[in-house]
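Below is one structure, written out as structure tokens; the observations come after it.
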Amino acid sequence: MAIINNANISSEGLRILLDADNNRSYKSKNNLLSWANWVEGSGSITNYNQNGNTSENERVSGTDPWGYSNIVWESRPTGTTDADGGWNTDWFDVDRTKLYRFSVWVKRTSSTSGGTFYFGMYANGSGSRRNDNSIVEGNAYWECTGTGSLTQNQWYLWVGHVYPHDTSYTGKHPDTGYYTTSSGRIGGIGGCNIGSGDLKWNVDTTQGIHRTYHYYCSDSTTRLQFFQPRVDCINGTEPSIADLLNNAGSCWFDISGYNNDFIINSRAFNLLRPRYMDFNGSYGCAVTKSGYDTPYFGTCTAVVWTRIKNSAAEWRTLFRAESSGNDHQVIILASDWIMGMYDNVNGTGFNSTGFSQQSLPGYSSNWNMLVWRWVSTSNDYYYYTFSYNDSPGTIRGYISSSNARFKTGFRTLGAYNSSSPSQFWGDIGYFAFYNRRLDDNEVINLYNATKGRFQ
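Quick note, the working numbering runs 1008 ahead of the 1-based positions in the sequence shown.
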């Protein structure tokens, strides 16, 4: 059953629902940290302050815990046995009456294993306190272990918790420990300097810092890589450990109830309102998690809140099947602004709706709700019709040829070609796909239920 919080949005026939502002659809949106600004380069970057020299901190293209290419933070010690890589984040606000989870992925890529891996935090005010004895520990670490304890080329997820300041609990959270994607929980934390429990905020705590380091390395060849730092308030909106192990930060979950989930580059997510995925070219596109096309329906409706890329330098493809012989069901001409579809199946090429992207309200910067409706037979409607916002009864563009029918499912959303994306569409905040033709009233209801976020 679809997870829809508004009774005015129809769930009948809903087969895909992706919403960047829904906790269940994008489970990483409440992370107090963000790595969306990670690009290849050296040293500090906004919100991440280098540990060690600039040359000891490199952001490089690497392989993430799920085998995808992604930007990782790599330590490159100089052999001076001091700070050798990693970061202290900027201060972020916390509520000392609530429970928080800190986590980070780490991997040793080198055959050498010099130095120590640290995973810890800071609290402002009087500092954090140990759970086991309530003593202040202003330099708290959940883990400080020799890098040789990390199996070469194995990603580990390390997890620790900070409890409310007034807790009487003296132990560790059940999820505190370290994990791999293949085996799940491997073991508990070492405790370093915090004893047998987790941590808790102090009575005057208002802010925290996430930190992870490579330290005390006497060689210049050992390499650690860090990925996806997180701080989550444990309030029911956070991803579970299973979600983190299953790539929740890189998965856009379908909440229609049909589990047509999509994999994305986590850096595509934009945390600022209205919250959306950036498919303008820097972060790829969304690709079905299954690796196959979505189910096919000849009569269907696609609804998307979007800000289309304001460039005619290339084609702009909203979605497309994987095979080179299949259609671009929605595409905008390169070196032009005309919207239509590209028929590969029957070989007729670009079929125009006659509508220009530049005719959209505030086309260069505004968000609009775009609606496409297809029918398998044209007894009552054109095969392909396009409208926008709250005027579905006004057909802005159409294609009368049967070549424009919806002939296949699709594998990519926001661009064409999953392995080497191109023809980038732009920003997408909300995407709904129905296996039927929505009527005008249903479209208007959907628009009214969602417009407040985008306008």
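Built from N, CA and C at the ideal position, the CB exists for glycine as well.
Values in this document were obtained by computation on a predicted structure and should not be read as measured data.
Status (buried if at least 16 other CB within 10 Å, exposed otherwise) for residue i
{"i": "F1100", "result": "exposed"}
{"i": "D1174", "result": "exposed"}
{"i": "Q1366", "result": "exposed"}
{"i": "M1009", "result": "A caution first: M1009 carries a pLDDT of 44, below 50, which makes its placement in the model unreliable, though a value can still be read off. Under this definition M1009 is an exposed residue."}
{"i": "G1289", "result": "buried"}
{"i": "G1185", "result": "buried"}
{"i": "Y1164", "result": "buried"}
{"i": "A1015", "result": "exposed"}
{"i": "E1020", "result": "exposed"}
{"i": "A1250", "result": "exposed"}
{"i": "Y1126", "result": "buried"}
{"i": "Y1304", "result": "exposed"}
{"i": "I1194", "result": "exposed"}
{"i": "Q1337", "result": "buried"}
{"i": "T1124", "result": "buried"}
{"i": "Y1393", "result": "A quick correction: the sequence has Thr, not Tyr, at residue 1393. Per the 10 Å Cβ criterion, buried."}
{"i": "I1017", "result": "buried"}
{"i": "L1446", "result": "buried"}
{"i": "P1182", "result": "exposed"}
{"i": "N1078", "result": "buried"}
{"i": "P1237", "result": "buried"}
{"i": "Y1350", "result": "buried"}
{"i": "G1370", "result": "exposed"}
{"i": "R1281", "result": "exposed"}
Cα-Cα separation between residue i and residue j, rounded to whole angstroms
{"i": "E1151", "j": "G1122", "result": "16 angstroms"}
{"i": "G1244", "j": "N1456", "result": "28 angstroms"}
{"i": "F1348", "j": "S1360", "result": "Strictly speaking, residue 1348 in this sequence is Gly, with Phe absent from that position. Answer to the nearest angstrom: the Cα atoms are 4 angstroms apart."}
{"i": "T1117", "j": "G1292", "result": "26 angstroms"}
{"i": "S1042", "j": "V1353", "result": "42 angstroms"}
{"i": "G1460", "j": "D1335", "result": "33 angstroms"}
{"i": "S1343", "j": "S1426", "result": "23 angstroms"}
{"i": "I1263", "j": "T1296", "result": "14 angstroms"}
{"i": "A1321", "j": "I1197", "result": "52 angstroms"}
{"i": "K1208", "j": "P1429", "result": "45 angstroms"}
{"i": "G1128", "j": "Y1300", "result": "41 angstroms"}
{"i": "P1400", "j": "N1453", "result": "11 angstroms"}
{"i": "Y1390", "j": "Y1266", "result": "28 angstroms"}
{"i": "S1364", "j": "I1346", "result": "4 angstroms"}
{"i": "F1234", "j": "V1112", "result": "7 angstroms"}
{"i": "F1110", "j": "T1385", "result": "54 angstroms"}
{"i": "Y1171", "j": "T1325", "result": "47 angstroms"}
{"i": "N1397", "j": "G1075", "result": "39 angstroms"}
{"i": "T1230", "j": "V1068", "result": "15 angstroms"}
{"i": "G1357", "j": "I1339", "result": "11 angstroms"}
{"i": "G1168", "j": "Y1177", "result": "15 angstroms"}
{"i": "T1420", "j": "T1307", "result": "20 angstroms"}
{"i": "A1412", "j": "W1380", "result": "12 angstroms"}
DSSP state of residue i mapped onto helix, strand, coil
{"i": "R1444", "result": "coil"}
{"i": "I1403", "result": "coil"}
{"i": "Q1366", "result": "helix"}
{"i": "F1287", "result": "strand"}
{"i": "R1419", "result": "coil"}
{"i": "E1151", "result": "strand"}
{"i": "S1373", "result": "coil"}
{"i": "S1410", "result": "helix"}
{"i": "T1189", "result": "coil"}
{"i": "M1009", "result": "The predicted model places M1009 with a pLDDT of 44, which falls under 50 and marks its position as unreliable; any figure quoted below should be read in that light. Three-state result, M1009: coil."}
{"i": "A1256", "result": "helix"}
{"i": "D1029", "result": "coil"}
{"i": "R1281", "result": "coil"}
{"i": "D1435", "result": "strand"}
{"i": "Y1455", "result": "helix"}
{"i": "A1276", "result": "helix"}
{"i": "A1091", "result": "strand"}
{"i": "A1294", "result": "strand"}
{"i": "C1269", "result": "Checking the sequence shown, residue 1269 turns out to be Asp, not Cys. D1269: coil per DSSP, three-state reduction."}
{"i": "S1157", "result": "helix"}
Paired residues, beta bridge with residue i - DSSP
{"i": "L1232", "result": "R1116"}
{"i": "N1359", "result": "M1349"}
{"i": "E1066", "result": "S1050, E1082"}
{"i": "R1328", "result": "H1336, T1420"}
{"i": "H1218", "result": "M1129"}
{"i": "W1380", "result": "A1310, F1394"}
{"i": "V1239", "result": "F1110"}
{"i": "S1264", "result": "In DSSP, S1264 forms no bridge with anything."}
message: Within 8 angstroms, do at least three Cβ pairs link the region 1151-1160 to the region 1204-1219?
response: no
**Prompt:** Three or more C-beta pairs closer than 8 angstroms, one from the region 1022-1032 and one from the region 1433-1442: is that the case here?
**Reply:** yes
Exercise. Just checking, does the region 1126-1146 make contact with the region 1201-1211 on the three C-beta pairs under 8 angstroms criterion?
Worked result: yes
| said: Would the region 1087-1104 count as touching the region 1222-1233 if we require 3 or more Cβ pairs under 8 angstroms? | reply: yes
ask   = Is it true that the region 1062-1074 meets the region 1044-1053, where meeting means three or more beta-carbon pairs spaced less than 8 angstroms apart?
value = yes
Q.
Quick check: the region 1375-1386 against the region 1301-1318, are at least 3 beta-carbon pairs closer than 8 angstroms?
A. yes
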